[in-house]
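Sequential numbering of the sequence shown, starting at 50, is according to the numbering used here. Positions of the beta carbon are idealized from the N, C-alpha and C atoms, including for glycine. All figures in this text were calculated on a predicted structure; none of them were measured in a lab.
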Amino acid sequence: MPDTEVFIQQALAQAAQSLLLTSPNPHVGCVITSPDGNLLGQGHTQPVGGPHAEIMALRDAAAIGHDVRGATAYVTLEPCAHQGRTGPCCDALIAAGIKKVVATNTDPNPLVAGQGFARMRAAGIEVLVLPPDDPLAMASRELNIGFFSRMIRKTPWVRMKMAASLDGKTALPNGVSQWITSPQARADGHAWRARACAVLTGMGTVLADNPKLDVRLVDTPRQPAVVVVDSRLETPLDANLFIAGRACYIYAAVPNDIKKQALEARGATVVYLPGAQANGTPTGKVDLAAMLQDMAKREINELHTEAGEKLNGALIRAGLVDEFLVYLAPKLIGQGRGMADLGALTDLSQAVPLTFVSTELVGPDLRLLARIPGRDSF
């Protein structure tokens, strides 16, 4: 129905307003309309511990003086049915006298997973759920790709960001990389940082660049956590990445409890996750797959990686990257450092296949979003 599409689009616009707010909760929007199609209230999910989209829409309607009894609620995810940091939204809709609910997706959270719909139907509410292949359902799921990944795969959605020259160089041979891309591209990259739950880098980048890895070039209501792959706990205690109030996770492979205590005194959480060969021999490297599983347990939905070619290559070779955010500058560098060390391939069939999701000019630079086929089919 045309009205359904219009109101779901409006609910999606509300959900998009929560993109930088709600993690680790999903980004959800809700629109409530009268039986004759007039807007009564709308809202989106607030930061963790705050009201969800349905509650905000009900409050909006009440503040205007609208009666929502007999109304329809359009929501971009199944109303929750469990008592978490807030109460069940399905119960709030029932108590308000909502007659019909149109939702884009079933909540993948096992604590909900259809229970919200079932409870509303049992209370006499008509519930319509869009088919999974409906473009609006797909758009809603895409807004919450990290949340769906964490709930279903038990790992974050991994987005690898790289900035390079047109011939694929991220730095000169001596390591100088500031700046290959434009200020516009750098600001855009910070916007992608801002939507992530955490930003990951490796020890090589920490020692060479001493980055803050915070969001500075765009406004944000929160700073994502920082994650460092540091096999031997070489992170300097005065590193710029230690920012008061921001979560910091350091994953190591070789125990060093004295350094661990010192890093934890700086506010870091140090986790030992040593990798091993098939015969059990330690590799001296962090088990990257186990690291992602641990990060999911820490409620990290989207992981934004900004690392050097060695860690990039290790993550790609391990099959842990879902998509690539690449900024290409209109310049040629020649010799320099590459995007990812994948080793020497002996046949083109060994290449990592990609599908372009979007291409767009950002200032003078080209932004490419490419995805490994099938990674979003969970």
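Going by C-alpha distance, which of ALA64, ALA62, SER72, GLN58 is nearest PRO270? The residue labelled residue 270 in the question sits at position 221 within the sequence shown. It is SER72.
State whether the stretch 251-266 contacts the stretch 285-298, with contact taken as three or more CB pairs (one from each stretch) at a distance under 8 Å. yes
Kindly say whether TYR300, judged by its beta-carbon, lies nearer than 8 Å to any beta-carbon of chain D. Given the protein chain composition of this structure (a single chain), no chain D is represented.
Using CA atoms only, rank isn't needed, just tell me which of GLY333, LEU364, LEU89, ARG416 is closest to TRP206. For the purposes of this step, residue 206 is taken as residue 157 along the sequence shown, with counting starting at 1. The candidate whose alpha carbon is nearest that of TRP206 is LEU364.
Assigned secondary structure, MET50 (DSSP; H/G/I helix, E/B strand, else coil): Here the question's residue 50 lines up with position 1 in the sequence shown. Confidence in MET50 is poor, its pLDDT being 43 and thus under 50, which makes the residue's placement unreliable; the coordinate value appears in the next sentence. Coil.
Would you kindly check if the distance between the Cβ of THR125 and the Cβ of VAL77 is under 8 Å? As a working note, residue 77 is residue 28 in the sequence shown. As a working note, residue 125 is residue 76 in the sequence shown. Result yes, Cβ atoms of VAL77 and THR125 sit closer than 8 Å.
Is DSSP giving THR404 helix, strand or coil here? What you label residue 404 is simply residue 355 of the sequence shown in a count that begins at 1. The answer is strand: DSSP assigns THR404 an E or B state.
Given ALA102 as reference, the closest of VAL80, ALA112, ILE113 once Cα atoms are compared: Here residue 102 refers to the residue found at position 53 when the sequence shown is read from its first residue. Checked all of VAL80, ALA112, ILE113; the closest Cα to ALA102 is VAL80.
Is it the case that the stretch 380-391 contacts the stretch 218-225, given that we only count it when at least three CB pairs across the two stretches are under 8 Å? yes
Euclidean distance between Cα positions of VAL225 and LEU341: As a first step, residue 225 is located in the sequence shown; it is residue number 176 there, counting from the start. As a first step, residue 341 is located in the sequence shown; it is residue number 292 there, counting from the start. Between VAL225 and LEU341, the C-alpha separation is close to 30 Å.
Proximity to ASP343 [Cα-Cα], best of THR354, PRO331, VAL319: For the purposes of this step, residue 343 is taken as the residue at position 294 of the sequence shown. Nearest of THR354, PRO331, VAL319 to ASP343, Cα basis: VAL319.
What do you reckon, are the CB atoms on VAL97 and TYR123 nearer than 8 Å? Here the question's residue 97 lines up with position 48 in the sequence shown. Here the question's residue 123 lines up with position 74 in the sequence shown. Result no, Cβ atoms of VAL97 and TYR123 do not sit closer than 8 Å.
Count the other CB atoms within 10 Å of the CB of LEU397; is the residue buried (16 or more) or exposed (fewer)? Along the sequence shown, one-based indexing puts residue 397 at 348. Classification for LEU397: exposed.
Is the distance from the Cβ of VAL406 to the Cβ of TYR376 below 8 Å? Within the sequence shown, the letter at position 357 stands for residue 406. Within the sequence shown, the letter at position 327 stands for residue 376. Contact: no.
Within the continuous alpha helix (DSSP H) that includes ALA274, where are the two ends? The residue you call residue 274 lines up with position 225 of the sequence shown. Counting along the chain, ALA274 falls outside any alpha helix (DSSP H), though it belongs to the beta strand (DSSP E) covering 274-278.
State the beta-bridge partners of GLU409 as determined by DSSP. To locate residue 409, count along the sequence shown from 1; it is residue 360. Note: GLU409 sits in a beta bridge opposite ARG416.
Which value, in whole angstroms, describes the spacing of the CA atoms of ALA240 and ASP414? Taking the first residue of the sequence shown as 1, we reach residue 240 at position 191. Taking the first residue of the sequence shown as 1, we reach residue 414 at position 365. Rounded to the nearest angstrom, the two C-alpha atoms are 16 Å apart.
ARG208 and ALA345: beta carbons closer than 8 Å? Counting from one through the sequence shown, the residue named residue 208 turns up at place 159. Counting from one through the sequence shown, the residue named residue 345 turns up at place 296. No, the Cβ-Cβ distance between ARG208 and ALA345 is not below 8 Å.
Evaluate contact between the stretch 167-176 and the stretch 311-325, counting only Cβ atoms and requiring at least three cross-stretch pairs below 8 Å. no
Spatial neighbours of ARG465 within its chain, please: CB distance less than 7 Å, with the 5 preceding and 5 following residues excluded, ordered by chain position. Residue 465 falls outside the range modelled here, since the chain spans only 50 to 427, and no answer is possible.
Starting from the Cα of PHE373, find the closest Cα among GLU351, ILE382, LEU394 and give me that residue. Position 324 of the sequence shown, counted from the start, is the residue given in the question as residue 373. Minimum Cα distance to PHE373 is reached at GLU351.
Going by alpha carbons, who is nearest to GLY333 out of LEU282, GLY357, CYS246, THR404? The count along the sequence shown starts at 1 and reaches residue 333 at position 284. For GLY333, the nearest C-alpha among the options comes from LEU282.
Mind checking who THR250 pairs with in its DSSP beta bridge? Numbered from 1 along the sequence shown, position 201 holds the residue referred to as residue 250. According to DSSP, THR250 bridges with VAL277.
Thinking just about the alpha-carbon of each residue, which of LEU381, PRO402, LYS380, PRO379 is nearest to the one in ARG475? The structure shown does not extend to residue 475, since the chain is modelled only from 50 to 427, so the question has no answer here.
Whole beta strand (DSSP E) runs in the stretch 77-118 with 3 or more residues, listed along the chain? 78-82, 88-93
Do VAL335 and ALA302 have their CB atoms nearer than 8 Å? Taking the sequence shown and counting its residues from 1, one reaches residue 335 at position 286. Taking the sequence shown and counting its residues from 1, one reaches residue 302 at position 253. Against a cut-off of 8 Å, the Cβ pair of ALA302 and VAL335 comes out as a contact.
Any idea which residues DSSP pairs CYS31 with across the strands? In the structure as shown, the chain starts at 50 and stops at 427, and residue 31 therefore has no counterpart that could be examined.
Identify, in the order they occur along the chain, each residue of the same chain with its Cβ nearer than 7 Å to the Cβ of LEU337, setting aside the five sequence neighbours on each side. Here residue 337 is taken as the residue at index 288 of the sequence shown, counted from 1. The answer, listed in chain order, is ALA363, LEU364, ALA367, LEU369.
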